[in-house]
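Novice: My structure is below; once you've seen it, I'll send some questions.
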Amino acid sequence: MPEQGIDLPQGTLDLLILRTLALGPQHGWAISERIHQVSSKVLLVRQGSLYPALHRLERRGWIKARWGASENNRKAKYYELTKNGQKQLEAERSEWEKLAAAVAQVLEAS
Amino acid sequence: MNTIHDLWMRLRGLLRREAVEQELDEELRFHFDEQVRKFVEEGMPLDEAQRQARLEIGGEEQIKEECRDARGVRFLENLGQDIRYGLRSLRKSGGFTVVAILTLTLGIGVNTALFTIVHGVLLKPLPFPQPERLVSLWERDVIDESSFNPVSGGVFADWERQAKSFEQMALVGEDTANLSGDGGALPEMIGTRQCSYTLFSILGVQPALGRFFSEEDDRHGANGTAVLTYGLWKRRYAGDPAIVGKSISLDAQKYTVIGILPAWFDYPDTRVQLWAPVHHEVSEMDMHNRGNHRFFVTARLKDGVTVEQAWSELNSIQERLHQEFPGDLMGKGANVVSLAENLVRGVEQPLYVLMGAVGCVLLIACLNVANLFMARVTARRKEIAVRAALGGSRWRIIQAQVTESLLLTMAGGGLGALLAWATLRWLLTLRTDLPHAGSIHVDGLALAFTFALTIFCGVVSGLLPALAVTRSELLGPLKEDSRGASGGKKRARLRKALLTAEVALTVLLLIGGGLMLKSFAELRSVNMGCTTDNVLTMGFSLPDARYPTNPQVASFLEQLLVRARAVPGVSRAGIVSVLPGGGYFMDNTFAIEGAPPLPAGQFLNAVVRGADPAYFTTMNIPLKRGRFFEDSDQREKGNAMVITESMARKFFPDGNAISKTLVIDWENKPRFEIVGIVGDVLSDLNQPPEPTMYMPINSGRFSYGSLVVRSDHDVTTLAVPIEKEIAAMDPNLAVSDVLTMEQRVGKSTAAAEFDALLVLVFAALGLILAAVGLYGLLSYLVTERTNEIGIRMALGAQRSEVMRIMFVDGLRPTVAGLGLGLFAGGVCAQLIRSLLFGVQPLEWRVFAAVAFVVFVISAGACTYPAWRAARVDPMTALRCE
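Sequence order for the protein chains is A and B. Just so we're on the same page, our numbering is the position in the first sequence counted from 1, plus 2. Just so we're on the same page, our numbering is the position in the second sequence counted from 1, plus 1450.
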């Protein structure tokens, strides 16, 4: 059964894609599957958000793409992180952590 | 780094569009397949898995659109699409495209041409260093009120000594000279200028070859030196640099060519061929004479001095001089104007009027194209609705419309630039009187102007129709009942408004052109006081070096007349120093013998002419009283002269001019007895006749003049035989301006004729465009209202009534436009009143004629569509929609 996932804001999706690719080159479907699994099936990345995001990241030069063979020997487009992408990932990650901490603080305060 | 990569990716997305789209397709397919595989592994049946996967994807096209967006090439892709589609649809409706492009070519072309002229003549600064410091100096109010009087040599010398506002001053005098043909070439009369040696350094010009005059050259008795203009050098000496240092023969005297002016130098106009030093050319007496006003003065202001300061200083100097020398004929004050202003005086207003006229033409062209587009919008209602349904926003549709319109105007603009270039070349050969003619050419600025016009036209012509597409229309036509009523009505209103504007502009142009044409006709039909039919004229100037004494001059002229009269076909011949219509040229002060002397500072002045007795009968100038002078007069009774009627009226109001004696203020104060009064002859078509005195040429005082010859047959055939006679008498004497009187008058009115015709041509074009627009509009209205007409006829309306209704519907905007145009015409006529000669600005005949023409043509344009409306078969009309 397809679950109703929480829709991610654009910037966060970028962060998650970059993080996923930091583990190694993957094709689009694998990226969305991995995010879905690792987030305990909470986050569902639809194609409608995934592919535009992938194209945007590619345009900015943070990931690059090449065609290769998939696990079952089908032609698939693999994305991998570039050096700039690596830097961007670290920057966005620290931003996110600061943001999360700040939000948590506000929520905690009575 | 990122932005470069960004741009690179965008470019890739644009250029490899096909491949990129295909890749995306494959990527999405792969994702779909994997998703299905996952569902199947989880235990779903295949078709269920496929359905679920498809649901997951959602709208594939939307995803692709978003990816395209993400690639950042949306705008350019849309543009590319619009351009391709626009080109296709323009190609399909060939007739419309051709008409629209031609209209725009015309509008943009003439505008660019005229803008280039206005820019080159009026707006560009003079091509000299620091041109704002260059000024022109004049004497003021010499005898009558006159703001810009030429300066005398004596006054100039005084100014040079006393004025502190100027860095340097120079004199410029006008003259002609016989340039001898070396090595077999024919002698030629050329326009020359005499100048102070300081002139070229004032202007800041460097010679293209050689050098300019030094102080030593600019002296009486110095060796003759000359500076050639680039044009003369190229034309007569084949651009051979060896001419510098050689001598040429001017008026039978040797001049050494010392330099050549640069090619761009065309000051004061292109008719000047050669420059010589003023002190060498003009007698010492004239250079110190305060009463002989023959020079133009150019000067450069000192740094930091304004024109007003210079004027106030010079004016007070002149006022002082005027009081110091009451016996001399001098200006009561002085005038200082910037050189640029001075050069364009008299050309400014006509040019601005022409600019206004072509502006109207452009607007008419734009409105016409907008009208044409609107008709297309109506025809493409369904297509636009489909676009909207597929997700096209209103803005997108407008964008498509404007793109298509810009394609048209770009084509029109490109061709228009070519038209402008061709027009300019033609215009410049026609109007040699334009100052700075050399700097008028299609340059970057002109092209930028063309481009700007193109964008303006495109946006205007595209925006108006697009904005006329109403919201309901985006949906309506897809329904079965495709009336599109509201959109149609709105468009009809807009089209009528556009047509009203077109007609108003056309009427404005017609009125302007009509007034200018009438003015020109008045000018042309002015009675000059002499006959202009079948009279041949040719000019000559006897060089002092070969005819140094008066008797020698007299004998040549006598011989010339004898030989001219002997040529077969010549019925009469005469000589005059200045032809009718030849300008003011020369005047002199005099005293009436026996009358009480005038107080100091007051003078009697009249125009001076030399003529032989047969001149008057040759030109049919009537003798009013007394008799003409005869050859015997000089020998037996001393000198005799005749005066004109206006002179008799002015100086002898009690009517007894005959037998009075005038003492002329020349060197030896010669006395002339008035023996006759002749009719007035105009020296300038625009001006009333000047008081004039005619002296006999057999005194030999006038060594220059024109031969006039009348014949019973075609007089032009006599030109060559007479020229041969002159050449036989003196092979080095050049003959200039061999023209009939008709041609001379034509030349002097050429500018007015040209301007009038140009405006009328524009008006005619506007009229054609408006007529075509009206025809199109009414046809469209008839089509729109076919259903309604069917209903009316079914309800009993007669065909004639239907025709009347449609006729009136078409004429209403026309009449509104006519009214608007007549009003605007009345206002603008007041603005151009200074250009009109003998015509009132609100000349009712012109207005009535224009109204009549526009009404008739509009009625004509409306006839066929209205007739067609009456022919509508009510049954067909009701059935179709």
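Where is the CB? At the ideal position from N, CA and C, for every residue including glycine. In this text the structure is predicted, and so the values were computed from the model without any measurement.
Any beta carbon of chain A sitting closer than 8 Å to that of B/Phe1525?
Specialist: By one-based count along the second sequence, residue 1525 of chain B stands at place 75. So, not an interface residue.
Novice: According to DSSP, is B/Glu1614 helix, strand or coil?
Specialist: For the purposes of this step, residue 1614 of chain B is taken as the residue at position 164 of the second sequence. The sequence as given places Lys at residue 1614 of chain B; Glu does not occur at that position. Three-state DSSP puts B/Lys1614 in coil, outside helix and strand.
Novice: DSSP beta-bridge partners for B/Asp1625?
Specialist: For the purposes of this step, residue 1625 of chain B is taken as the residue at position 175 of the second sequence. Answer by DSSP bridge pairing, in chain order: B/Thr1642.
Novice: Tell me the DSSP secondary structure of B/Met2036 in three-state form.
Specialist: Locating residue 2036 of chain B in the second sequence gives position 586, counting from the first residue. Coil.
Novice: Quick check on the DSSP output: the alpha helix (DSSP H) that includes A/Arg95 runs from which residue to which?
Specialist: Walking along the first sequence from the start, residue 95 of chain A turns up at place 93. First-last of the alpha helix (DSSP H) with A/Arg95: Lys85 to Glu110.
Novice: With a Cβ-Cβ cutoff of 8 Å, do B/Asp2115 and B/Asn2038 count as a contact?
Specialist: Here residue 2115 of chain B refers to the residue found at position 665 when the second sequence is read from its first residue. Here residue 2038 of chain B refers to the residue found at position 588 when the second sequence is read from its first residue. Contact flag set, yes.
Novice: Give the interface partners of B/Phe1480 over in chain A, defined as CB-CB distance under 8 Å, in chain order.
Specialist: Here the question's residue 1480 of chain B lines up with position 30 in the second sequence. Under the 8 Å cutoff, chain A gives His29, Gly30, Trp31, Ser72, Arg76, Lys77, Ala78 and Lys79.
Novice: For B/Met2179, count neighbouring Cβ atoms within 10 angstroms of its own Cβ and tell me buried if that reaches 16, exposed if not.
Specialist: What you label residue 2179 of chain B is simply residue 729 of the second sequence in a count that begins at 1. Its Cβ having fewer than 16 others within 10 Å, B/Met2179 is exposed.
Novice: Would you please state the rounded distance, in angstroms, between the beta carbons of B/Ser2149 and B/Asn2000? I believe it to be under 8 Å.
Specialist: The residue given as residue 2149 of chain B occupies position 699 in the second sequence. The residue given as residue 2000 of chain B occupies position 550 in the second sequence. At roughly 6 Å, the Cβ-Cβ gap stays under 8 Å, so B/Ser2149 and B/Asn2000 are in contact.
Novice: Can you list, in chain order, the residues of the region 2240-2257 of chain B whose Cβ is nearer than 9 Å to any Cβ on chain A?
Specialist: Within the region 2240-2257 of chain B, no residue qualifies.
Novice: State the start and end residues of the unbroken beta strand (DSSP E) segment that holds B/His2163.
Specialist: Your numbering for residue 2163 of chain B matches position 713 in the second sequence. Neither: B/His2163 is in no beta strand (DSSP E) and is coded neither H nor E.
Novice: Do we get a CB-CB distance below 8 Å when we pair B/Cys1425 with the residues of chain A?
Specialist: Here chain B comprises residues numbered 1451 to 2331, so residue 1425 of chain B is not present and cannot be evaluated.
Novice: Quick check for students: name the residue ranges of the alpha helix (DSSP H) that lie wholly in the region 2178-2204 of chain B, counting only runs of 4 or more.
Specialist: Runs found: 2191-2198.
Novice: Return the Cβ separation of B/Pro1993 and B/Asn1628 in integer angstroms, given the expectation that the two are a contact with Cβ distance under 8 Å.
Specialist: Translated into positions along the second sequence, residue 1993 of chain B becomes position 543. Translated into positions along the second sequence, residue 1628 of chain B becomes position 178. At roughly 6 Å, the Cβ-Cβ gap stays under 8 Å, so B/Pro1993 and B/Asn1628 are in contact.
Novice: What separation, rounded to the nearest whole angstrom, lies between the Cα atoms of B/Trp1458 and B/Arg1830?
Specialist: What you label residue 1458 of chain B is simply residue 8 of the second sequence in a count that begins at 1. What you label residue 1830 of chain B is simply residue 380 of the second sequence in a count that begins at 1. Each residue's alpha carbon lies about 38 Å from the other.
Novice: Taking the DSSP output, what are the residues bridged to B/Tyr1997?
Specialist: As a first step, residue 1997 of chain B is located in the second sequence; it is residue number 547 there, counting from the start. Note: B/Tyr1997 sits in no beta bridge, so no partner.
Novice: Compare the beta carbon distance of B/Leu1817 and B/Ala1951 with 8 Å and say whether it is the shorter of the two.
Specialist: Against the second sequence, residue 1817 of chain B aligns to sequence position 367. Against the second sequence, residue 1951 of chain B aligns to sequence position 501. Yes, these two residues count as a Cβ contact at 8 Å.
Novice: Identify which residue in B/Arg1974, B/Trp1871 and B/Tyr2144 has its Cα closest to the Cα of B/Ile2124.
Specialist: If you number the second sequence from 1, residue 2124 of chain B lands on position 674. The shortest C-alpha separation from B/Ile2124 is found at B/Tyr2144.
Novice: What is the DSSP secondary structure of B/Glu2293, reduced to helix, strand or coil?
Specialist: Counting from one through the second sequence, the residue named residue 2293 of chain B turns up at place 843. Residue state, collapsed to three classes: coil.
Novice: By the three-class DSSP mapping on this structure, what secondary structure does B/Trp1714 have?
Specialist: Stepping through the second sequence from its first residue, residue 1714 of chain B is reached at position 264. Here B/Trp1714 sits in coil by DSSP.
Novice: Quick one, are the C-beta atoms of B/Phe2122 and B/Ala2090 less than 8 Å apart?
Specialist: Taking the first residue of the second sequence as 1, we reach residue 2122 of chain B at position 672. Taking the first residue of the second sequence as 1, we reach residue 2090 of chain B at position 640. Taking 8 Å as the Cβ cut-off, B/Phe2122 and B/Ala2090 qualify as a contacting pair.
Novice: Just to confirm, are A/Arg76 and B/Phe1480 a CB contact at a threshold of 8 Å?
Specialist: Here residue 76 of chain A refers to the residue found at position 74 of the first sequence. Here residue 1480 of chain B refers to the residue found at position 30 of the second sequence. It is a contact, given that the beta carbons lie within the stated cut-off.
Novice: List the DSSP bridge partners of B/His1743.
Specialist: Here residue 1743 of chain B corresponds to residue number 293 of the second sequence, with the count starting at 1. According to DSSP, B/His1743 bridges with B/Ser1602.
Novice: Just to confirm, are B/Thr1873 and B/Thr1904 a CB contact at a threshold of 8 Å?
Specialist: Start at 1 with the first residue of the second sequence, and residue 1873 of chain B comes out as number 423. Start at 1 with the first residue of the second sequence, and residue 1904 of chain B comes out as number 454. No.
Novice: Go ahead and pull the three-state DSSP assignment for B/Gly1964.
Specialist: Position 514 of the second sequence holds residue 1964 of chain B. B/Gly1964 falls in the helix class under three-state DSSP.
Novice: Could you tell me which of B/Gln2280, B/Val1655, B/Thr1981 and B/Ser2082 sits nearest to B/Val2195, measuring between CA atoms?
Specialist: Your numbering for residue 2195 of chain B matches position 745 in the second sequence. Taking only the C-alpha atoms, the option nearest B/Val2195 is B/Thr1981.
Novice: Less than 8 Å between CB atoms is the rule here; does B/Asp1497 satisfy it with respect to chain A?
Specialist: As a working note, residue 1497 of chain B is residue 47 in the second sequence. No, its Cβ sits nowhere closer than 8 Å to a Cβ of chain A.
Novice: Assuming B/Gly1781 and B/Val1585 are in contact, meaning their beta carbons sit under 8 Å apart, how far apart are those beta carbons, in whole angstroms?
Specialist: The residue you call residue 1781 of chain B lines up with position 331 of the second sequence. The residue you call residue 1585 of chain B lines up with position 135 of the second sequence. Going by Cβ atoms, the distance from B/Gly1781 to B/Val1585 rounds to 16 Å, so no, they are not a contact pair.
Novice: May I ask you to list the residues that DSSP assigns as paired with A/Gln28?
Specialist: If you number the first sequence from 1, residue 28 of chain A lands on position 26. Looking at the DSSP assignment, A/Gln28 forms a beta bridge with A/Tyr81.
Novice: Compute the Euclidean distance between the alpha carbons of B/Glu1930 and B/Gly2246, then round it to the nearest angstrom.
Specialist: Position 480 of the second sequence holds residue 1930 of chain B. Position 796 of the second sequence holds residue 2246 of chain B. Bear in mind that the predicted position of B/Glu1930 carries a pLDDT of just 46, short of 50, making it unreliable; the figure below should be weighed with that in mind. Between B/Glu1930 and B/Gly2246, the C-alpha separation is close to 29 Å.
Novice: Let me know if B/Asn1561 comes out buried or exposed under the rule of 16 or more other beta-carbons within 10 Å of its beta-carbon.
Specialist: Counted from its first residue, the second sequence places residue 1561 of chain B at position 111. Flag for B/Asn1561 reads buried.
Novice: Can you find a C-beta in chain A that's less than 8 Å from the C-beta of B/Glu1476?
Specialist: One-based indexing of the second sequence puts residue 1476 of chain B at position 26. B/Glu1476 counts as touching chain A.
Novice: In or out: B/Met2325 buried (at least 16 other Cβ within 10 Å) or exposed?
Specialist: Locating residue 2325 of chain B in the second sequence gives position 875, where the first residue counts as 1. By the 10 Å Cβ count, B/Met2325 comes out exposed.
Novice: Determine whether the beta carbon atoms of B/Asn1785 and B/Gly1603 lie at a separation below 8 Å.
Specialist: The residue labelled residue 1785 of chain B in the question sits at position 335 within the second sequence. The residue labelled residue 1603 of chain B in the question sits at position 153 within the second sequence. Going by C-beta atoms, B/Asn1785 is not nearer than 8 Å to B/Gly1603.
Novice: B/Leu2219 by DSSP, collapsed to three states: which one?
Specialist: On the second sequence, position 769 is the one that residue 2219 of chain B refers to. In the structure shown, B/Leu2219 sits in a helix (DSSP, three-state: H, G or I).
Novice: Quick check on this structure: which residue in B/Asn1977, B/Ala1469 and B/Gly2276 has the alpha carbon closest to the alpha carbon of B/Gly2129?
Specialist: For this step, residue 2129 of chain B is matched to residue 679 along the second sequence. It is B/Asn1977.
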